[in-house]
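To start, the structure under review is shown below, and the notes come after it.
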Amino acid sequence: MEDQREALRKIITTLAVKNEEIQSFIYSLKQMLLNVEANSAKVQEDLEAEFQSLFSLLEELKEGMLMKIKQDRASRTYELQNQLAACTRALESSEELLETANQTLLATDSKDFPQCAGCLHLLPCSVTMAPAFRLSLKAKVSDNMSHLMVDFAQERRMLQAITFLPVPSAPVIDLAESLVADNCVTLVWRMPDEDNKIDHFVLEYRRTNFEGPPRLKEDQPWMVIEGIRQTEYTLTGLKFDMKYMNFRVKACNKAVSGEFSEPVTLETPAFMFRLDASTSHQNLRVDDLSVEWDAMGGKVQDIKAREKDGKGRTASPVNSPARGTPSPKRMPSGRGGRDRFTAESYTVLGDTLIDGGEHYWEVRYEPDSKAFGVGVAYRSLGRFEQLGKTAASWCLHVNNWLQVSFTAKHANKAKMLDAPVPDCLGVHCDFHQGLLSFYNGRTKQLLHTFKAKFTQPLLPAFTVWCGSFHVTTGLQVPSSVRCLQKRGSATSSSNTSLT
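The numbering of the sequence shown is my numbering, which starts it at 383 and goes up by one.
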């Protein structure tokens with residue numbers, strides 16, 4: 383009996399879910415019907431407006447061409463009428479002279495003829511000066527109006543070809559021509575068919591940690607770039623804080639956009655790490671990738687420790703709050719289970735080990751810092767040890783206290799660097815080649831290269847006293863840095879005394 387009830391409950395649940403799906407679909411269909419009505423009215427209104435605009439343009443062209451015909455007709459009529467009037471007057475004058483000559487010739491009275499004949503010597507002069515002999519008998523203008531004829535055969539074919547705008551096809555992204563380099567992505571695509579109606583393209587991209595086709599649900603939103611006129615686009619200044627990026631493109635004409643292209647996924651390899659706050663000296667305040675010197679940091683920690691213990695003594699190193707819980711952002715491969723740096727080792731480490739490959743990161747420090755250093759260290763670096771003063775660390779060090787110096791340090795040896803001190807330093811580590819190079823982060827000028835045989839995994843390392851700095855990660859190895867290394871400039875610039 384109970385089994386039958388349970389089966390019936392399942393049937394009821396299934397029916398209820400199905401009913402809800404059907405109701406939702408019915409609502410969707412009704413909404414689509416309303417949208418069809420609204421969208422049809424909209425496109426009909428747009429169509430009528432476009433045709434009305436076309437009619438107005440044709441009417442305007444017709445009026446202009448008719449005006450041209452009327453003006454040409456009036457001009458020719460005026461010229462021909464003037465010439466006709468002049469010819470009429472010349473003809474009347476010529477007829478009068480002809481009548482005079484005829485009358486003289488027919489005179490029979492012998493007395494009158496000598497008198498008339500005496501006037502005959504004036505006739506030649508009167509004839510040659512008559513308007514009829516000074517008049518041009520060629521029409522000034524033509525009666526041919528063929529220059530104002532029209533042939534609208536081509537335009538008629540164009541009008542007959544008027545139809546609705548086709549929806550653009552989906553572009554095809556060309557992975558072979560696309561490029562990821564220098565924290566830039568150049569995406570290239572093409573149209574499967576020629577379409578001269580395309581006005582622009584829309585590119586969308588997003589970051590992801592998943593390889594392969596984009597997932598329907600993703601934490602990162604699509605970023606949109608509109609108004610692209612060419613079939614390629616370069617995204618610059620990107621921070622590759624995830625392993626991959628998804629891309630898709632669609633074409634748009636003046637009225638409608640087409641479907642998106644098949645999305646593609648490009649790998650964006652870069653070195654990502656965070657600062658491991660659990661390793662930092664008590665006088666360093668770590669906020670994500672920024673660090674600031676805090677002269678009261680250690681005292682505040684001691685006060686908090688005494689309040690927690692309820693005793694008027696300083697907590698021992700074993701119970702010191704400096705042994706706080708490791709940051710949840712730190713990777714398991716970092717320096718776990720160790721004390722903070724202390725005494726005069728104002729140091730903090732990155733949380734991601736370097737055990738192979740090439741990696742690059744940059745750091746900008748406050749120029750007024752009394753002391754600052756950046757480099758790498760083995761995770762075995764002691765809590766009292768300062769960067770560059772043991773064989774377990776390599777660094778570039780800037781000293782602005784008492785005497786200004788810019789040095790490369792390793793194993794308690796230092797080399798003065800003959801270069802202006804930049805406010806941004808780039809660090810390039812090629813683990814397998816045993817190269818650690820430092821660059822001007824803005825100009826990519828090589829400052830110094832250590833050549834060593836790294837026997838342990840490395841961690842990014844930083845030190846600061848009475849100052850602050852900010853680290854930039856998610857960077858690829860710049861092409862200029864790779865080029866310098868290939869040419870052997872890095873090796874030739876190394877200081878063997880510090881390896």
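Ideal Cβ placement from N, Cα and C applies to all residues, glycine included.
Nearest to residue i (by Cα), restricted to the options the options
i    : options                : result
A637 : E600, R516, L530, D581 : D581
C777 : Q768, A790, S850       : A790
D733 : F534, A398, V853       : V853
A796 : N401, N781, P804, V668 : N781
D750 : K868, L829, S850       : S850
S660 : L731, A774, L598, F437 : L731
P651 : A543, Y626, L817       : Y626
D601 : I607, F592, G609, V758 : F592
S862 : E608, K424, Q827, T837 : Q827
V786 : F583, V803, A793       : V803
F754 : G770, H741, L763, E740 : G770
D577 : S727, P550, F788       : P550
E641 : I393, L561, Y460, P548 : P548
Y728 : H663, G757, M527, V745 : H663
R611 : K579, L598, L561, P595 : K579
D533 : N526, M447, Q867       : M447
V756 : C806, T613, E481       : C806
D623 : T613, E649, K599, V606 : E649
F515 : A521, L541, A472, A431 : A472
G808 : A431, Q463, L857, F836 : L857
E432 : P596, K400, T545, C865 : T545
H741 : A483, R864, E419       : R864
CB contact below 8 Å: residue i versus chain C
i    : result
A398 : Any reference to chain C falls outside this structure, which holds one protein chain only.
Cutoff 6 Å; reference residue i; Cβ partners in own chain excluding five residues on either side
i    : result
Y615 : L569, L585
Q485 : none
R458 : V523
S715 : Summary for S715: the model assigns pLDDT 40, below 50, so the residue's position carries little reliability, and this model does not support an answer.
A801 : L829
P699 : Summary for P699: the model assigns pLDDT 33, below 50, so the residue's position carries little reliability; its value from the coordinates is reported in the next sentence. If we look at P699 and ignore the five residues flanking it on each side, it has no Cβ neighbours.
L530 : I451
E608 : V584
Y747 : F754, F851
G823 : E744, C806, L807, G808
Environment of residue i [buried if 16+ CB atoms lie within 10 Å]
i    : result
W571 : buried
T831 : buried
R539 : exposed
V668 : buried
V859 : buried
C811 : buried
A398 : exposed
T845 : buried
A774 : buried
S518 : exposed
G694 : Confidence at G694 is low in this model, with a pLDDT of 41, below 50, so the placement of that residue should be treated as unreliable; the coordinate-derived value is given next. Burial call: exposed.
P574 : exposed
Y409 : exposed
N417 : exposed
S819 : buried
R387 : exposed
Q838 : exposed
S874 : Any reading at S874 must be qualified, since the residue scores a pLDDT of 48, below 50, and its modelled position is unreliable; no value is offered.
T590 : buried
F788 : buried
Supposed close pair residue i, residue j - CB separation, criterion 8 Å
i    : j    : result
T647 : N628 : 5 Å
K765 : R722 : Sequence check: residue 765 is Arg here, not Lys. Right, their Cβ atoms sit about 7 Å apart.
L840 : A759 : 7 Å
N794 : T772 : 7 Å
Residues near residue i in its chain [Cβ-Cβ closer than 8 Å; skip 5 each side]
i    : result
S643 : A552, P553, V554, I555, W571, R630, V631, K632
T878 : Confidence at T878 is low in this model, with a pLDDT of 43, below 50, so its placement is unreliable and the value that follows should be read with caution. Taken in chain order, the residues that qualify are K833.
C566 : T616, L617, T618, G619, L620
L368 : Nothing can be reported for residue 368: it is not among the residues displayed for the chain, which extend from 383 to 881.
A521 : L462, Q465
Own chain residues within Cβ distance below 7 Å of residue i, not counting five before or after
i    : result
T855 : F653, M654, F655, L671, W743
G738 : F813, H814
Q426 : none
K752 : N782, W783, W847, C848, G849
L557 : V646
Distance cut-off 7 Å: residue i Cβ against heavy atoms of the ligand COA
i    : result
A793 : With respect to the ligand COA, the structure shown offers nothing to examine, as it has no ligands at all.
What beta strand (DSSP E) runs, 3 residues minimum, are completely inside the region 512-580? 561-563, 566-572
Can you list, in chain order, the stretches of the beta strand (DSSP E) that have 3 or more residues and sit fully within the region 590-649? 605-610, 614-617, 626-634, 646-649
Runs of beta strand (DSSP E) wholly within the region 746-770 (minimum 3 residues, chain order): 753-760
Minimum length 3: unbroken beta strand (DSSP E) runs contained in the region 815-856: 817-822, 828-833, 840-847, 850-854
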